[in-house]
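In this text, residue positions in the sequence shown follow our numbering: the first is 2, and each later residue adds one. Glycine residues also receive a C-beta, built at the ideal position from the N, C-alpha and C atoms. Just so it is clear, the structure is predicted and the values come from calculations on it, not from any experiment. Input: a single structure, listed below in structure tokens.
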Amino acid sequence: MAYENILAETRGRVGLATLNRPKALNALNDALMNELGDALAKFGQPEIKLGIIPGAGGTQRLPRAVGKAKAMDLVLTGRMMDAAEAERSGLVSRVVSADKLLEEALAAAAQIAEFSLPSVMMAKEAVNRAYESPLAEGMLFERRVFHALFATEDQKEGMAAFVEKRKPKFKHR
């Protein structure tokens with residue numbers, strides 16, 4: 002847990018990443034620590050070409066994100082994948098053009114910000130745990146969080162708004 006990127010994954014915040022940098026700087030480790038990645042360049046693990054391996058979690062996170070076969074291909078060959086392949090592989094959630102990047106990122110952030118903060122934080126934690134836990138343990142965690150959220154004011158407001166066919170006014174508690 003000494004790496005900053007591991008700490009970033011466990012913080013109770015939701016992050017949005019827009020990756021619009023020279024292709025050499027779009028390291029997979031950066032992309033893997035973000036919930037939403039908007040990619041424009043190429044991604045890869047080129048360390049094998051330098052006589053080393055990824056040293057910030059790439060060999061551990063990449064198989065969880067794209068599967069063992071794709072990870073093995075990228076790590077052993079140093080091959081770069083383009084944004085479309087990264088999206089198909091599940092490495093990034095969406096790809097947008099450079100001229101729409103900021104607009105799309107802000108729209109996604111605004112949409113998430115409209116929801117109840119406790120439920121957003123718990124949803125993030127539950128999805129992150131899916132990668133770290135056996136299925137039975139993850140299901141138990143999800144069920145406990147689901148029931149715990151019924152004790153929040155936002156759950157009551159959300160359900161009332163649904164029944165009354167109106168937009169909820171969350172207080173984030």
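Check: Is Phe44 helix, strand or coil when you go by DSSP?
Finding: strand
Check: Roughly how many angstroms separate the alpha carbons of Ser90 and Glu143, rounded to a whole number?
Finding: 25 Å
Next item on the list: Look up Asp155 in the DSSP assignment and give the residues it is bridged to.
Entry: In DSSP, Asp155 forms no bridge with anything.
Next item on the list: Can you tell me which of the three DSSP states Arg95 falls into?
Entry: strand
Checklist line | One or two residues paired with Met81 in a DSSP bridge | finding: Looking at the DSSP output, Met81 bridges to Gly45.
Checklist line | Reference Asp155, options Ala99, Asp100, Val76, Glu115, closest by Cα | finding: Glu115
Next item on the list: Since I believe Met82 is in contact with Gly45 (beta carbons under 8 Å), could you give me their beta-carbon distance rounded to a whole number of angstroms?
Entry: 6 Å
Note to self: If contact is defined by three or more beta carbon pairs under 8 Å, each pair taking one atom from either stretch, is the stretch 146-154 in contact with the stretch 104-122?
What the structure shows: yes
Check: Quick one, which of Val146, Val93, Val97 has its alpha-carbon nearest Ala124's?
Finding: Closest option to Ala124, judged by alpha-carbon separation, among Val146, Val93, Val97: Val146.
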